[in-house]
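There are 2 protein chains.
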Amino acid sequence: MDPKLDQLEIFKALSNKTRLQMLQWLKEPDKHFPAQEHGDCEKVGVCVGLIQQKCGLSQSTVSEYLTILQKAGLLHANRVGQWTYYKRNEEAFTALSKAFKTDI
Amino acid sequence: MDPKLDQLEIFKALSNKTRLQMLQWLKEPDKHFPAQEHGDCEKVGVCVGLIQQKCGLSQSTVSEYLTILQKAGLLHANRVGQWTYYKRNEEAFTALSKAFKTDI
DNA sequence: TGGGCACATCGGAAATTCCCGATATATCCA
DNA sequence: TGGATATATCGGGAATTTCCGATGTGCCCA
Numbered sequence: 023m024d025p026k027l028d029q030l031e032i033f034k035a036l037s038n039k040t041r042l043q044m045l046q047w048l049k050e051p052d053k054h055f056p057a058q059e060h061g062d063c064e065k066v067g068v069c070v071g072l073i074q075q076k077c078g079l080s081q082s083t084v085s086e087y088l089t090i091l092q093k094a095g096l097l098h099a100n101r102v103g104q105w106t107y108y109k110r111n112e113e114a115f116t117a118l119s120k121a122f123k124t125d126i
Numbered sequence: 023m024d025p026k027l028d029q030l031e032i033f034k035a036l037s038n039k040t041r042l043q044m045l046q047w048l049k050e051p052d053k054h055f056p057a058q059e060h061g062d063c064e065k066v067g068v069c070v071g072l073i074q075q076k077c078g079l080s081q082s083t084v085s086e087y088l089t090i091l092q093k094a095g096l097l098h099a100n101r102v103g104q105w106t107y108y109k110r111n112e113e114a115f116t117a118l119s120k121a122f123k124t125d126i
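For the protein sequence lines, the chains are E and Z, in the order given. Quick note: the first sequence uses the working numbering, first residue 23, plus one each step. Quick note: the second sequence uses the working numbering, first residue 23, plus one each step.
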């Protein structure tokens, strides 16, 4: 895999206002989302429905955006029962922070 | 100014293969570009013409891309005589590296 | 087994980005 | 002054991204 392509994919994922916003919200899930009766958001992540309510776009768009962030490596996805929980992959952000010192 | 908008502008600037490549080249100008008889590339930067030759796109596209990178704050532009010299704004990259630890 | 719920994927219209050639602007030099 | 050179800007066709509604898939529970 060419790491240059990965970086490009990451920056494309980040070059959208709503997707940037989602990453912000997922930094502090319990501050930005109502409690989930199924699954603690701090542990398993936040389900698609709650994120959709928050940003106001259609269900299909939100699902797609979350997939884009996940494929870029910025989010983890956990499927549990009928829900998919998304949470930040903090290692990716740490790696990016370092990349800006050395690679980019 | 909303710093969130600035970040978005930066990521948009970075979400293009050629523009990422330009930033790479400008990390070590004298390694990637032939010598300029007018102006030392390490000091003043690299002129548009040399960058254009290197990436093979049209003159207008290259000029536009450099402007995008400059408006995002990633490059400095120095107009000297008939040439415009572009060089990296390393402070911006340092700031971005930090932003990935705290903001984003 | 069947219906409801959560999410993913598909097909497509509208908006944006990519990248070009043509043209404008600004500088240098004969 | 005029012509050559370096760069910027303009107008636009092609490609990509944005975002939607419709539909598909998988899980849960009566």
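Positions of the beta carbon are idealized from the N, C-alpha and C atoms, including for glycine.
Residue i Cβ short of 6 Å to the ligand MN heavy atom set
{"i": "Z:L72", "result": "Looking at this structure, you won't find the ligand MN or any other ligand, since it has none at all."}
Min CB distance residue i to chain E below 7 Å
{"i": "Z:L88", "result": "no"}
{"i": "Z:L30", "result": "yes"}
{"i": "Z:M23", "result": "Its pLDDT being 41, under 50, Z:M23 is placed unreliably in this model, and the coordinates cannot settle the point."}
First through last residue of the alpha helix (DSSP H) which encompasses residue i
{"i": "E:L48", "result": "39-49"}
{"i": "E:E64", "result": "63-66"}
Simplified DSSP state of residue i, which is helix, strand or coil
{"i": "E:L79", "result": "coil"}
{"i": "E:L96", "result": "coil"}
{"i": "E:T124", "result": "coil"}
{"i": "Z:T106", "result": "strand"}
Cross-chain neighbours of residue i in chain E, by beta carbon under 8 Å
{"i": "Z:K109", "result": "The premise fails here: Z:K109 is roughly 15 Å from chain E at the closest Cβ pair, so nothing lies under 8 Å."}
Residues that residue i contacts on chain Z, provided the C-beta gap is smaller than 7 Å
{"i": "E:Q92", "result": "Residues of chain Z passing the Cβ test: none, with the nearest at roughly 16 Å."}
Residue-level contact to chain Z via CB, residue i, 7 Å cutoff
{"i": "E:L118", "result": "yes"}
{"i": "E:K123", "result": "yes"}
{"i": "E:H98", "result": "no"}
{"i": "E:L48", "result": "no"}
Cross-chain neighbours of residue i in chain E, by beta carbon under 9 Å
{"i": "Z:F115", "result": "F122, K123, I126"}
Contact set between the segment 34-45 of chain Z and chain E, restricted to residues whose Cβ is under 9 Å from the partner:
If you check each beta-carbon in the segment 34-45 of chain Z against every beta-carbon of chain E, the ones closer than 9 Å belong to K34, A35, L36, S37, N38, K39, L42, Q43, L45.
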